[in-house]
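Numbering (UniProt numbering), first residue to last: 1 to 688. From the three backbone atoms N, C-alpha and C, an ideal C-beta is built for every residue, glycine too. Read through the structure below, which is laid out as structure tokens, and then see the notes.
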């Protein structure tokens, strides 16, 4: 939203502009502070575009050298961005939409095939192991994939992710034993989460902050349809083909869906290369040893190993600890070693000698908004995992916390409320529908207000209110409508605050740092989810069985462990009103109350964390992004000069490159240009 006297709508690229000595009254960023026009004398607001380095006082001691050290992949994408046209950018986003449709439908389909695949190997009990592998890989792959994109380029990283994804499909389809099937989850999950983070990075590369919240909802929209198509499609595949085809078919569909994006990225890369815009290759003119050394430092390989290895060793015990005994020394050892790795990571990153190209730059670690945003992500998804548990769906880009829907909240609905599986599933889906629709509406509000922080705060408050209502509606006597209303409220809160929180973290980063900031945010979502899942699992396993033994009548007390381990027996073994069923319902209800109360306590810090985030005006931020992007943060100055001051937005779909802007600015602001225009005007008046 351009304010009065705002600078040009090409302001998205103002960070690239050099000060022009010919500009009268040129400000520190090359914008003229005063400008004479034919009808009036206009004083320009030189603060309308705030350079990244001056955005927060907390960054005064920031390491400017690291900010200036742009990595090869970022330089490549900036060079390629100067070759974008409207048509090519539209095709690229068509490719993003096709990828979103493909991965969303695939996820909704293959989720229903896991039990059949493991049962084919007579290893149905290993379903949980498969989910553990998926969860760990989903959490730790984002940082290295974002770093690969920064070092080698976006096209190369996208191609690698799709290749790994396809390998995962093929391995799952061809697996002859459960070990091969479980190993395939590593490739499948790595490709999936790699594609997720790269889509977010691509959107950050090709959109301004004001429009990014709207564009980032694009990958979520297919879920609204595919959630209903996936299960019937899986059933059709099982009946007419086999579960293997349920995986194998996507090895064909995904590469086809990737073609438009791959083609336009490659063609623009070739165009940039022909124009001599691409930076030299990382391997050019170097010996084998120097090449290895360059790649090692550019990737910050040891730092990535520390963080990935550390998180893996923490997540595995947290995930399986609720199914096994915490007295197992191997679990404790993994937690300790993992914690040491994670604690050692920031010390490694601070060393300019050991990590000259750190994954997480010191400036981001010192930025209050970034730290608060990352903590917000951790607590936000922790609390949602407290309510639920773990299942993978397609639109993790907006509601990654929805991975946590099974089994506890569903178990509560099946047992205490006496719903069937379909009814419980529909209630669970309400949250995602509400969150997705709300996120789209909020992104429109962000676009027309230019603010983000109030949405984070409001969303957190609404989310907490929904959780509090769930505490009151957890009883057997409460109506299903009340629970649905609470779920809608929780979904609205999630939809309001999730996108803006990520946007605030990205707004605090330069173009070089935006990939790392995005990867850190999305990684903390997964880590928070793992912690929430572990806590909810500990509460559930530590209370339900004991309460069953306490409340069950004497005649069924001996069956407490059978009831605890068999959801079907708990839900269907005794009718409502039977003393045994009443005891089961009471045990489930009281345990669910404990989980909800802990969730409320975990959610409350999100409100205060949102207040620590700086309330940026998104239309006044310059991230030094080069080339053509979707949207523009500023109005055209000439338009304001003619139409007068205005606070309304005039957002253009595509902003032009900085080269065009520099030429127009120099022509418009040069003293000779204004004098020539004045003379021509006088001559025309005399002739008239």
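Put residue 146 into one of helix, strand or coil per three-state DSSP. Residue state, collapsed to three classes: helix.
Could you round the C-beta distance between residue 233 and residue 109 to whole angstroms and report it? I think they count as a contact, below 8 Å. Sure, about 5 Å apart at Cβ, within 8 Å.
Which of the three DSSP states, helix, strand or coil, is assigned to residue 509? Here residue 509 carries a coil assignment [DSSP, helix/strand/coil].
Taking just the CA atoms, how far does residue 552 sit from residue 261? Going by C-alpha positions, residue 261 is about 60 Å away from residue 552.
Backbone CA spacing between residue 204 and residue 577 [nearest angstrom]: Their backbone Cα atoms lie some 56 Å apart in a straight line.
Does the segment 580-589 come into contact with the segment 514-521, if we say contact requires no fewer than three beta-carbon pairs (one atom in each stretch) closer than 8 Å? With the cut-off at 8 Å, the segment 580-589 and the segment 514-521 do not touch.
What's the gap between the Cα of residue 392 and the Cα of residue 111? The predicted model places residue 392 with a pLDDT of 32, which falls under 50 and marks its position as unreliable, so this point remains unresolved.
With 16 as the cutoff for other CB atoms within 10 Å, does residue 540 come out buried or exposed? It is buried - the Cβ of residue 540 has at least 16 other Cβ atoms within 10 Å.
Got a sec? Which residues, its chain only, sit under 6 Å from residue 446 by beta carbon, not counting five neighbours each side? Closer than 6 Å at Cβ, skipping near neighbours: 213 and 452.
Assign residue 644 to one of two classes, buried (16 or more other C-beta atoms within 10 Å of its C-beta) or exposed (fewer than that). Confidence at residue 644 is low in this model, with a pLDDT of 36, below 50, so the placement of that residue is unreliable and no value is reported for it.
Cβ neighbour criterion (16 or more within 10 Å) applied to residue 353: When all chains shown are included, residue 353 counts as exposed.
Could you tell me if residue 85 is buried or exposed, where buried requires 16 or more neighbouring beta carbons within 10 angstroms of its beta carbon? Residue 85 is exposed by the Cβ-count criterion.
Residue 452 (DSSP reduced to helix, strand or coil): Residue 452 falls in the coil class under three-state DSSP.
Are residue 92 and residue 264 touching if we call contact CB-CB under 7 Å? A contact, by the Cβ cut-off of 7 Å.
For residue 345, three-class secondary structure by DSSP: In the structure shown, residue 345 adopts helical secondary structure according to DSSP, grouped into three states.
If you draw a straight line from the alpha carbon of residue 668 to that of residue 274, how long is it in whole angstroms? Since pLDDT at residue 668 reaches only 38, below the 50 mark, its modelled position is unreliable, and the value read off the structure follows with that caveat. Taking the straight line joining both Cα atoms gives about 31 Å.
Where does the unbroken alpha helix (DSSP H) through residue 586 begin, and where does it stop? Residues 579-612.
So residue 497 and residue 459 are supposed to be a Cβ contact under 8 Å. How far apart are they, rounded? Residue 497 to residue 459, Cβ: 3 Å. Contact.
What do you get for residue 378, buried or exposed, if any count of 16 or more other CB atoms within 10 angstroms of its CB means buried? It is buried - the Cβ of residue 378 has at least 16 other Cβ atoms within 10 Å.
Given residue 269 as reference, the closest of 560, 77 and 615 once Cα atoms are compared: Relative to the Cα of residue 269, the nearest Cα in the group 560, 77 and 615 belongs to 77.
Nearest neighbour of residue 499, chosen from 473, 435, 513 and 542 [CA to CA]: Just measuring C-alpha positions, the residue of 473, 435, 513 and 542 sitting nearest residue 499 is 435.
Go ahead and pull the three-state DSSP assignment for residue 559. Reduced to three states, the DSSP call for residue 559 is helix.
CB-CB length for residue 440 against residue 488, believed under 8 Å: Rounded to the nearest angstrom, the Cβ distance from residue 440 to residue 488 is 15 Å, too far for a contact under 8 Å.
If you drop the 5 nearest sequence neighbours on each side, which residues of the same chain put their C-beta closer than 6 Å to that of residue 501? Cβ neighbours of residue 501 beyond the five flanking positions: 373, 376 and 456.
Quick check on residue 499: does DSSP put it in helix, strand or coil? Three-state DSSP puts residue 499 in a helix.
Where does residue 220 sit, in a helix, a strand or coil, going by DSSP? The answer is helix: DSSP assigns residue 220 an H, G or I state.
Between which two residues does the alpha helix (DSSP H) containing residue 412 stretch? If you look at residue 412, you'll find it in the alpha helix (DSSP H) that goes 408-415.
Within 10 Å of its beta-carbon, does residue 289 have 16 or more other beta-carbons around it, so buried, or fewer, so exposed? Of the residues assessed, residue 289 falls on the exposed side of the cut-off, its CB having fewer than 16 other CB atoms within 10 angstroms.
Residue 369 by DSSP, collapsed to three states: which one? Reduced to three states, the DSSP call for residue 369 is helix.
Could you tell me the alpha carbon to alpha carbon distance between residue 600 and residue 527, rounded to whole angstroms? Residue 600 and residue 527 have their alpha carbons spaced roughly 19 Å apart.
Out of 225, 246 and 226, which has the shortest C-alpha to C-alpha gap to residue 235? The shortest CA-to-CA distance from residue 235 to any of 225, 246 and 226 is the one to 246.
Could you compute how far the alpha carbon of residue 619 sits from the alpha carbon of residue 370? Approximately 19 Å between the Cα atoms of the pair.
Beta carbon of residue 194 nearer than 7 Å to that of residue 141: A contact, by the Cβ cut-off of 7 Å.
Please state whether the Cβ-Cβ distance between residue 338 and residue 313 is less than 7 Å. Taking 7 Å as the cut-off, the beta carbon of residue 338 is found closer than this to the beta carbon of residue 313.
Element boundaries [alpha helix (DSSP H), containing residue 155]: Run containing residue 155: 154-174, per the alpha helix (DSSP H) assignment.
Taking only three categories from DSSP, how would you classify residue 553? In the structure shown, residue 553 falls within a coil segment according to DSSP collapsed to helix, strand and coil.
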